[in-house]
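**Student:** Below: one structure in structure tokens.
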Amino acid sequence: MSDQNTATHEPEQVDALDGARISGAEVWRTIYALFYNKKIGLLLILIVTILSLIGVVFPQANSYVVADEAAWEDFLTNLTPVYGGWTRILAAIGFFNMFSSWLFRIMMILLCLSIIGCTTHRIPLLYRTAYKPRKRASENFFNTARFRYSARLSADAETTTDALLATAKRRHMRVIADDAQREFFYLDRFHWAPFGTALSHLAFILIIIGFLVTQSMGFRNDFFLVTVGETQEVGYNTGLSAKVVSFQDAYNEDGRPLDYVSHVILYKDGQTVADQNVRVNSPLSYDGVMFHQASFGMSAVVSISGNAGELRSGGVPLRYTTSDGAYSYGVVELEDPALEVFVITSASGRTNPDLAPGQARIEVYESGSQETMDMKVVDQGQPATVAGLDITFEREAQYAGLIVRSDPGAWVVWLGSALLIIGSIMTMALRHQRMWAWVTATDDGSVLRLASHDKRDLGFSRYFHGFGTEITERITQGKEL
């Protein structure tokens, strides 16, 4: 063939600036190796531990406060005297709502991926060890293994092998013979037990997923305060509202509480869906939302009107107490106008010269301000004008404090906890125990050798030597095989 018809292929020129070409598979293998790296896993565990400690040490706002802009602002304002200029910075990082913060969620997701990577990387090794074990061991192994047993027997090799198999069967051991050389045998117990580590890892993954589901889709309000006789919306797009019909508290002769009970009627879009007496250990449950009895106290029932008409009418829980314990007070936050109305009464069992029984002091502030716009002591049932608002202190009434929570990830966490217990039992109590046997024929009988490189363990040592002794006794004492 002539040179003109010969095709020549010059190697493709690659600019040095182009760099090496990396396939998608190589990128995946690199990322996968990163996640099953033990050092990376330990680092993630350390970071999650530090973040958890931060969540324990620093004050934490519940989901109700975080979801309410005004409540969140008040929460940070109260922390400013303690943390100063760092308050807003720490809040942005998530120090005050750590377990629902973006930082904690990202770290938990990365830890979950690391556990998945470590588990999937280890499963093939566990499978080979459990179902494709090495059946034959070298002579050096039988001479140097941590656990060794040897006996020269008068019985032939076939009889010794039968005794070996009979003893293994009685002890519920699995026996795998070497197909190439029938004189070698692999024996073990609980070959499936090492998969307990994978089960424990799966348990941790489920616990993390359950935690993330609850943090993303659940809620908790520790201060759902409802004045007796009134109905209050639960919120959180549940369509639920709760009415406290009555509240009763009982005490023994020493004054210690015996029982707190609230009669609660639950409505869904205006229709009654539940009616129950709620106690501390007897919550009301509906559609995944739980109502727990938590506290009780007194409310001041007030009506507030302005130029636009009625602004608020109902109970104001007097849940706060002044530092000297002399006064109890509650706060009404108005949106239009943007005002905060403080309703203040004498604390239970206290008398104050400036507040006679049946009186309340009304203080009005602009939202976010510390300066009083107006203040007036009002008599029960008598209308008064304070800062341009018509306010009537109608009466006092009890309120019931309920904890309202939705925990959609709870069943996932419980499932993970159960798997963790099972996996721990499999790994620690039912440890995989392995040994190798070698039966050789001699001129005057046979030789039985047993060997194992199991960890030093008094229980296994007794089991191992007891196994060899039982085989020997079956032959020497002529026991039925």
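Each residue of the sequence shown is one higher than the one before, starting from 353 at the first, in the numbering used here. We put the beta carbon where it would ideally sit given N, CA and C, even for glycine.
State the start and end residues of the unbroken beta strand (DSSP E) segment that holds L610.
**Tutor:** Taken as a continuous stretch (DSSP letters only), the beta strand (DSSP E) holding L610 covers 609 to 620.
**Student:** Using only CA atoms, which one of R826, G733, R541 lies nearest to A781?
**Tutor:** Cα-wise, what sits closest to A781 is R541.
**Student:** Roughly how many angstroms lie between the CA atoms of Q785 and R631, to the nearest whole one?
**Tutor:** Answer to the nearest angstrom: the Cα atoms are 52 Å apart.
**Student:** Are I468 and I383 closer than 8 Å when you measure CB to CB?
**Tutor:** Cβ distance not < 8 Å, so I468 and I383 don't count as in contact.
**Student:** Return the Cβ separation of G640 and V653 in integer angstroms, given the expectation that the two are a contact with Cβ distance under 8 Å.
**Tutor:** Rounded, the Cβ-Cβ distance is 32 Å, inconsistent with contact.
**Student:** My understanding is that V613 touches K595, with C-beta atoms under 8 Å, so please give their C-beta distance in whole angstroms.
**Tutor:** Incorrect: roughly 15 Å between the Cβ atoms, too far for contact.
**Student:** Which residue from I458, A489, V527, E421 puts its Cα closest to that of H805?
**Tutor:** Selected option, being the one with the closest Cα: A489.
**Student:** Spatial neighbours of Q600 within its chain, please: CB distance less than 6 Å, with the 5 preceding and 5 following residues excluded, ordered by chain position.
**Tutor:** Once the five neighbours on either side are set aside, the close Cβ partners of Q600 are V613.
**Student:** R814 by DSSP, collapsed to three states: which one?
**Tutor:** R814 falls in the helix class under three-state DSSP.
**Student:** Which residue's Cα is closest to the Cα of R671: Q623, G753, A422, V417?
**Tutor:** Out of Q623, G753, A422, V417, G753 has the C-alpha closest to the C-alpha of R671.
**Student:** Buried or exposed for R569, please, with buried defined as at least 16 other CB atoms from any protein chain shown within 10 angstroms of its CB.
**Tutor:** Per the sequence presented here, residue 569 reads as Met, with Arg not at that position. Per the 10 Å Cβ criterion, exposed.
**Student:** Along the chain, where does the alpha helix (DSSP H) that runs through Y588 open and close?
**Tutor:** Y588 -> no alpha helix (DSSP H), and no H or E assigned at all.
**Student:** Thinking C-beta only, is S647 closer than 8 Å to Q750?
**Tutor:** No. Outside cutoff.
**Student:** Pick from I397, S769, F547, G622: whose alpha carbon is nearest that of I475?
**Tutor:** When each option's Cα is compared against that of I475, the closest is F547.
**Student:** For A423, which of helix, strand or coil comes out of DSSP?
**Tutor:** The answer is helix: DSSP assigns A423 an H, G or I state.
**Student:** Going by the DSSP bridge assignment, what does F494 pair with across the sheet?
**Tutor:** BP columns for F494 are empty, so no partner.
**Student:** For M787 and G393, I'd like the C-alpha separation in whole angstroms.
**Tutor:** Approximately 33 Å, taken between the alpha carbons.
**Student:** Would you list the one or two residues that DSSP bridges to F648?
**Tutor:** Bridge partners of F648: A752.
**Student:** In this structure, how does DSSP classify F542 when only helix, strand and coil are distinguished?
**Tutor:** F542 falls in the coil class under three-state DSSP.
**Student:** Pick helix, strand or coil for A359, following the three-state DSSP scheme.
**Tutor:** Here A359 scores only 49 on pLDDT, less than 50, and its place in the model is too uncertain to base an answer on.
**Student:** Give every residue of the same chain whose Cβ lies closer than 7 Å to the Cβ of M353, excluding the five residues on either side of it in the sequence, and list them in chain order.
**Tutor:** Unreliable positioning characterises M353 in this predicted model, as indicated by a pLDDT of 45, which lies under 50. The coordinate reading is nonetheless provided below. So no residue of the chain qualifies.
**Student:** Helix, strand or coil, according to DSSP, for F871 in the structure here?
**Tutor:** A question about residue 871 goes unanswered here, because the residues of the chain that appear run from 353 up to 833.
**Student:** Opposite V730 in the DSSP bridges: which residues?
**Tutor:** A712.
**Student:** Do the stretch 721 to 737 and the stretch 517 to 524 meet, that is, are 3 or more Cβ pairs less than 8 Å apart?
**Tutor:** Contact between the stretch 721 to 737 and the stretch 517 to 524 is absent, because fewer than three Cβ pairs lie under 8 Å.
**Student:** Would you kindly work out how many angstroms separate the C-alpha atoms of T724 and I559, rounded to a whole number?
**Tutor:** Cα to Cα, the separation comes out at about 50 Å.
**Student:** Do T519 and F816 have their C-beta atoms within less than 8 Å of each other?
**Tutor:** In this structure, F816 does not lie closer than 8 Å to T519 by Cβ.
**Student:** Suppose the cutoff is 8 Å on Cβ atoms and the five residues either side in sequence are ignored; what does the same chain contact list for L771 look like?
**Tutor:** Around L771: L551, S552, L554, A555, L558.
**Student:** Assign I696 to one of two classes, buried (16 or more other C-beta atoms within 10 Å of its C-beta) or exposed (fewer than that).
**Tutor:** Buried: at least 16 other Cβ atoms inside 10 Å.
**Student:** Consult DSSP for Q623 and reduce its assignment to one of helix, strand or coil.
**Tutor:** Reduced to three states, the DSSP call for Q623 is strand.
**Student:** Could you tell me the boundaries of the alpha helix (DSSP H) in which P476 lies?
**Tutor:** P476 -> alpha helix (DSSP H) spans 454 to 483.
**Student:** For the alpha helix (DSSP H) that contains M787, what are its first and last residues?
**Tutor:** Per DSSP, M787 belongs to no alpha helix (DSSP H); it is in the beta strand (DSSP E), 785 to 794.
**Student:** Do the stretch 571 to 582 and the stretch 406 to 425 meet, that is, are 3 or more Cβ pairs less than 8 Å apart?
**Tutor:** Touching, per the Cβ criterion.
**Student:** On a CA-only basis, which of Y479, I402, A497, S637 is nearest F456? Give me that one, please.
**Tutor:** The residue with the shortest Cα to Cα distance from F456 is I402.
**Student:** Would you kindly check if the distance between the Cβ of L691 and the Cβ of E718 is under 8 Å?
**Tutor:** Contact flag set, yes.
**Student:** Could you pull the DSSP bridge partners for I656 from this structure?
**Tutor:** I656 is bridged to R664, I743.
**Student:** Could you check whether T566 and G761 sit closer than 8 Å to each other, using their CB atoms as the reference points?
**Tutor:** Result yes, Cβ atoms of G761 and T566 sit closer than 8 Å.
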